Amino acid sequence: QAQLVESGGGSVQPGGSLKLSCTTSGISFELYHLYWYRQPQGKERELVASVTNSGGVNYSDSAKGRFTISRDNVKSTMYLQMNSLKPEDTAVYYCNAWLTHDRSYWGQGTQVTVSS
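Going by the working numbering, the sequence shown opens with residue 10, and the numbers climb by one from there.
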């Protein structure tokens, strides 16, 4: 059974950093494309960053230059290093592992709050 668990969220002041982790089990991790999404309160979920099964990365405009996505196929874990955090980065962050339309799995989310 596929399971994704996010960790590393919390509260931080503007300009601070956090590193999110998404630990997976029950999937052939190395085959999956991986995504970080976020959902601010009262708003729609949006894509933040992605890393393909071959290591290609992509970022939203708001994440470019501040966030770094990475994956460790040995540990079956994905990361999101977030630097220079802003209040507008406040959201619940979700990880997603996607192989096909019927093999797409989500974590439960982790709250990130950026506030002074």
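Every residue, glycine too, gets a C-beta built ideally from N, C-alpha and C.
As the structure is a prediction and not an experimental result, all values here were calculated from the model.
- Here the region 22-32 makes no contact with the region 60-71; the two share fewer than three CB pairs at distances below 8 Å.
- When the five nearest sequence neighbours on each side are left out, the beta carbons in the same chain lying within less than 6 Å of the beta carbon of Ser59 are those of Tyr44 and Asn67, in order along the chain.
- When DSSP states are grouped into helix, strand and coil, Asp111 belongs to the coil group.
- Leu13 carries a strand assignment under DSSP once its states are collapsed to helix, strand and coil.
- Counting other Cβ atoms within 10 Å of its Cβ, Thr33 reaches 16 or more and is therefore classed as buried.
- By a beta-carbon distance limit of 8 Å, Val123 contacts Val21. Their separation comes to about 6 Å.
- Apart from sequence neighbours up to five positions away, the residues of its chain that approach Asn92 with a beta-carbon distance below 6 Å are Ser26 and Arg75, ordered along the chain.
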